[in-house]
Amino acid sequence: MWKTFQSSWCIVNNFHGILYIRCKDKNRRNIMARYLLMNKNTPVLEFDYDLEVHAVMKILEVHDARYAPPSTVDQKGNVTKKALNVWWKGRAIPASRNQIQQVLDCLDLDSTLALAEKNFGLSLSDRYWINDTAAPQQWKDINFFDNNFTDDLGILTLGQQSSGHPNLMSPNSTLGGDLNKKWKIVNGERILLKTGSALFRQEVQNEVAATVLHQQLLEKEDYVPYFLHQEGRSTYSACKNMLGENEELITAYDVLCNKKKPSSMNDYQFLLSVYQELGLKNAEEMLTKMFVCDYILANEDRHWRNFGVIRNVETLEYTRVAPIFDSGTCLWCRAEMLELPSDYSYVAKPFGNNGMSPDRQLELFHQFDWFDEQKLDGTVDKIMEILRTNENISEKRLRNIQSGLENNIENICEYTRREK
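Sequential numbering from 38 applies to the sequence shown in the numbering used here.
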């Protein structure tokens, strides 16, 4: 319900069962905006948007739902307002990110969605954006794949100190995850920098350690390589953007969220069947590679949004399973102590209602023609060399991590011998 009282500039609306009554001075900005959701140069749909509650209020016209974010399209092929708002909310920096409230206070903003609004919702993970119909833009002029952006917002979102009046036009306004991170242009390339967390800030070295394993065991196109990047006195994990021209990353969650799982299938079988329906012929091998590496590394955070597929935004063809990325929450980095067998325990994601044990999850996979255990020779030593660059990790803890790694490699080799 919308009512406008021109004399007082009041707007009354009923949004998700909550009544809002707001009055605006004529000199202040309008509450409402009309946006056109775009996928690169393709118009997707037009909608009314409330700039105070940061939400879609009404979808006015759908131009081409095929180009919409997959999670917004229901089983009948329709884009719903509820799904569009869920997608849009997920596009913002999560409120759980460390120090994000200080960033909002510094910029005098009430929501991380306000940052996304100022940046047309642009990202470096896909080609979606919102075009203001009152002041239309062109993709070629504003996208961050081709146009430069400053480090101002990235400095703030990484928890660094900023001065002056920051330029907020940046892809860091749509960068998800709880770890502090930022996109930065280095020698003309888009580089993602990530920090670590307490207790040991180990995620930084873990990403590079995972790359060591991937290099030893997998093909070059199977994974995103990470490296250490020094900025001032701080060390970050870094990687280049995995996307090629006209590509977008679609997470496993977004692929599955509007599909119904048959009762005869477990979560993995359902995922594999959907990937195969999308025309991804090597899906079983790629998924097996990722979860075998996760088993070796004791990666406890392979949730549904931490892997996915690549789609061409022009042809809408699903071209490949996304290379392995974001493996930093591994090597028992969340365990305060590593002294008892129980200290090595964790719940492996994403399958099952609440995850499952790593050994049980491993039993889901049976495609091991690619696995050559001889390629693992020397891997543990190389990983430990990387971890020793972290001054927060004691020598005793390093020895215990090494023991856990050696045990996992022994287990995986025994399992694949039985399966072959």
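Note that the Cβ used here is the ideal one computed from N, Cα and C, for glycine as well.
Counted as a single uninterrupted DSSP element, the alpha helix (DSSP H) harbouring Arg-454 occupies residues 432-456. Residue range 264-268 is occupied by the beta strand (DSSP E) that includes Gln-267. Closest in C-alpha terms to Glu-354, from the list Lys-113, Glu-314, Asn-437, Asn-217, comes Glu-314.
The beta carbon of Glu-284 sits closer than 8 Å to those of Ile-347, Arg-348, Asn-349, Val-350, Thr-356, all from its chain and outside the five residues before and after it, given in chain order. In the structure shown, Phe-328 adopts helical secondary structure according to DSSP, grouped into three states. When the five nearest sequence neighbours on each side are left out, the beta carbons in the same chain lying within less than 6 Å of the beta carbon of Trp-166 are those of Met-75, Phe-157, Gly-158, Leu-159, in order along the chain.
Inclusion of Glu-321 and Leu-309 in the CB contact set at 8 Å is warranted, their separation being smaller than that value.
Within the region 224-279, the runs of beta strand (DSSP E) at least 3 residues long that lie entirely inside it are, in chain order, 226-231, 264-268, 271-277. The C-alpha of Lys-219 lies about 33 Å from the C-alpha of Asp-304. Between Lys-277 and Arg-227 a beta carbon distance of about 7 Å is seen, short of the 8 Å cut, so the two are scored as contacting.
Note that the C-beta distance between Ala-171 and Arg-71 is below 8 Å. Listed in chain order, the non-local C-beta contacts of Glu-443 below 7 Å within the same chain comprise Val-417, local neighbours out to five positions each way being set aside. Secondary structure at Tyr-165: strand, using DSSP grouped into helix, strand and coil.
Restricting attention to Glu-456, Leu-375, Leu-401, the CA atom closest to the CA of Leu-236 is found in Leu-375. Around the beta-carbon of Thr-426, fewer than 16 other beta-carbon atoms lie within 10 Å, marking it exposed. With fewer than 16 other Cβ atoms from the protein chains shown falling within 10 Å of its own Cβ, Cys-143 counts as exposed. Per the coordinates, the alpha-carbon of Trp-407 lies some 21 Å from the alpha-carbon of Arg-397. In this structure Thr-325 is in contact with Phe-402, their Cβ atoms being roughly 4 Å apart against a cut-off of 8 Å. At a cut-off of 4 residues, not a single continuous stretch assigned as alpha helix (DSSP H) sits fully inside the region 332-359.
Judged by DSSP secondary structure, Thr-194 falls within the alpha helix (DSSP H) whose first and last residues are 189-194. By the neighbour-count criterion, in which 16 or more other beta carbons inside 10 Å mark a residue as buried, Asn-217 falls on the buried side. Judged by DSSP secondary structure, Ala-372 falls outside any alpha helix (DSSP H); it is assigned neither H nor E. Sequence-distant partners of Gly-316 (beyond 5 residues in either direction) whose C-beta falls short of 7 Å from its own C-beta, in its chain, are Tyr-355.
Among the bridge pairs identified by DSSP, Val-384 is matched with none.
Counting along the chain, the unbroken alpha helix (DSSP H) around Pro-395 starts and ends at 395-399. Contact annotation: Lys-221 and Gly-269 have beta-carbon atoms that are not nearer than 8 Å. Pairing Ile-430 with Ile-333 gives a Cβ-Cβ distance that is not under 8 Å.
DSSP places Arg-134 in the coil class of the three-state scheme, outside both helix and strand. Going by DSSP, Leu-152 is part of the alpha helix (DSSP H) stretching over 149-155. The Cβ-Cβ distance between Pro-262 and Thr-272 does not fall below 8 Å. Annotation for Pro-299: Phe-307 place their beta carbon closer than 8 Å to its own, counting only its chain and skipping 5 residues before and after. In the DSSP annotation of this structure, the continuous segment of the alpha helix (DSSP H) that includes Tyr-290 starts and ends at 289-293.
Boundaries around Met-421 are those of the alpha helix (DSSP H), 416-424, since no beta strand (DSSP E) includes it. Distances from the CA of Phe-186 to each of Lys-95, Ser-379, Pro-208 were compared; the closest alpha carbon is that of Pro-208. When C-alpha distances from Lys-118 are compared across Leu-82, Val-223, Thr-453, the shortest belongs to Leu-82. Note on Asn-122: 16 or more other CB atoms within 10 angstroms of its CB, so buried under the neighbour-count rule.
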